[in-house]
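As structure tokens, the structure follows; a few thoughts come after it.
Residue numbers (our numbering): 144 to 540.
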């Protein structure tokens, strides 16, 4: 076979193309998202109407909430965002999936005693708990086995208050599969009829660290996002990966060949809205992400935030693009060109939603096209409408 490169004009949105995808989503395009938390929840729930082939590379560095307790206990990657994305992509019309969703999103009582919570775990693994009784087979058997397994793995000091049942299941199967997440995600995806591919960018235990403008280093994603600690008051100057929260020394991690192949097969790559540093840039930190993107011949699209992102204090829109390009090119700065890793920036037509403006002529010389369109609706304001964004991305494929 011979590979050839072609250039074509597209219409945004393209109603005919979108309808074609809607009628045969099993043949839909491979749109790849680099993301983390909940910002793409609506996009994920909507996109399965048009394609069952989207790929979601998720950051496994979260250090807060239920994930933090599991990470401390088992020295494992964070699974909370992976669980969220799997549930967002699950076909909610499939038999038993609403009950599976209810189970996986349930959290144990934060105020209950450890004794009561241990007893609740026993009812879950034994099959007498209402949540597990509602789940049909074979998923019920899978969950019961996982809950029984996590019971045997956790120590007496493990804090079950506020624990996510979905996180406990994924943690149990991670431990049962030689500390690998891929087989766990694959099995769950089949059982829950997940309409897409979800993977951690890397299957390692690491922490996020940032350097602030005032010279202070902050280690731990939960201290960076402003969700479980006070928002940062100084501009982020740099970001890197560390081995633990107690050591801010940078470490080098590479993506797997499988992850690289997933990137290479993408028909569109999206750097979406969301937490700029802890979701988007964090995904680009592992070695070989940038070079894999550069080798992939497809549209590469950046969707800047329209709402407030506490991680972007002091950053203009132009600075965001400079930072994004720096991390995309860092594998081989002399060899990777701008257009190899980014060729489209999509903004809402109301540019006052962004901090600063762009030099469109300069970007055009670098091979980047800036598109302005109505991304925000009355219902979604001040955030991007998921359905509108999906129609735009699908039209580019």
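Beta carbons are placed, not taken as given, at the ideal position from N, Cα and C, and that holds for glycine.
- Rounded to whole angstroms, the separation of the alpha carbons of residue 331 and residue 194 is 19 Å.
- Counting C-beta atoms within 10 angstroms of its own C-beta, residue 147 has fewer than 16 neighbours from the protein chains shown and is therefore classed as exposed.
- CA-CA distance, residue 467 to residue 424, rounds to 7 Å.
- Below 8 Å, too few C-beta pairs join the region 214 to 234 and the region 273 to 285 to call them touching: fewer than three.
- Contact holds between the region 176 to 195 and the region 413 to 423, because three or more Cβ pairs, one in each stretch, are under 8 Å apart.
- As the crow flies, the alpha-carbon of residue 218 is around 44 Å from that of residue 521.
- For residue 351, DSSP records a beta bridge to 384.
- Here the C-alpha atom of residue 412 lies approximately 24 Å from the C-alpha atom of residue 326.
- Taking the Cα of residue 453 as reference, the smallest distance to any Cα among 370, 483, 296 and 240 is reached at 370.
- The count of Cβ pairs closer than 8 Å, one atom from the region 483 to 501 and one from the region 513 to 530, reaches three, so the stretches are in contact.
- Note: residue 150 is not bridge-paired with any residue in the DSSP secondary-structure output.
- Measuring C-alpha to C-alpha distances from residue 363 to each of 225, 357 and 372 identifies 372 as the nearest.
- A Cβ-Cβ contact shorter than 7 Å links residue 396 with residue 429.
- Taking C-beta separations shorter than 8 Å and ignoring five residues to either side along the sequence, the partners of residue 153 in its chain run 538 and 539, following chain order.
- As DSSP reads the structure, residue 445 sits in a beta bridge with 414 and 488.
- 7 Å or more divides the Cβ of residue 405 from the Cβ of residue 222.
- For residue 433, same chain residues with a beta-carbon under 8 Å away, outside a window of 5 residues either side, are 427, 470, 471, 472, 473, 474, 475, 479 and 484 in chain order.
- Of the residues assessed, residue 272 falls on the buried side of the cut-off, its CB having 16 or more other CB atoms within 10 angstroms.
- Residue 300 and residue 449 have their C-alpha atoms spaced approximately 43 Å apart.
- Note: residue 513 is bridge-paired with 488 in the DSSP secondary-structure output.
- A Cβ-Cβ contact shorter than 7 Å links residue 156 with residue 535.
- Residue burial is scored here from C-beta neighbours: residue 358 has fewer than 16 other C-beta atoms within 10 angstroms and is therefore classed as exposed.
- The distance from the Cβ of residue 265 to that of residue 303 is about 12 Å, inconsistent with a contact at the 8 Å cut-off.
- In the structure shown, the three-state DSSP call for residue 523 is coil.
- Within the model, the alpha-carbon separation for residue 184 versus residue 202 is close to 15 Å.
- For residue 157, the secondary structure class from DSSP, reduced to helix, strand or coil, is coil.
- By the criterion of a C-beta distance shorter than 7 Å, residue 391 is surrounded in its chain by 352, 360, 362 and 385, once the five residues flanking it on both sides are discounted.
- If the five residues before and after residue 381 are omitted, its C-beta is found closer than 6 Å to the C-beta atoms of 354, all from its own chain and listed in chain order.
- Residue 174: not part of any alpha helix (DSSP H); member of the beta strand (DSSP E) spanning 174 to 178, first to last residue.
- Counting the other Cβ atoms within 10 Å of the Cβ of residue 159 gives fewer than 16, which makes it exposed.
- Between residue 460 and residue 498, the gap from beta carbon to beta carbon is short of 7 Å.
- The C-alpha of residue 335 lies about 45 Å from the C-alpha of residue 503.
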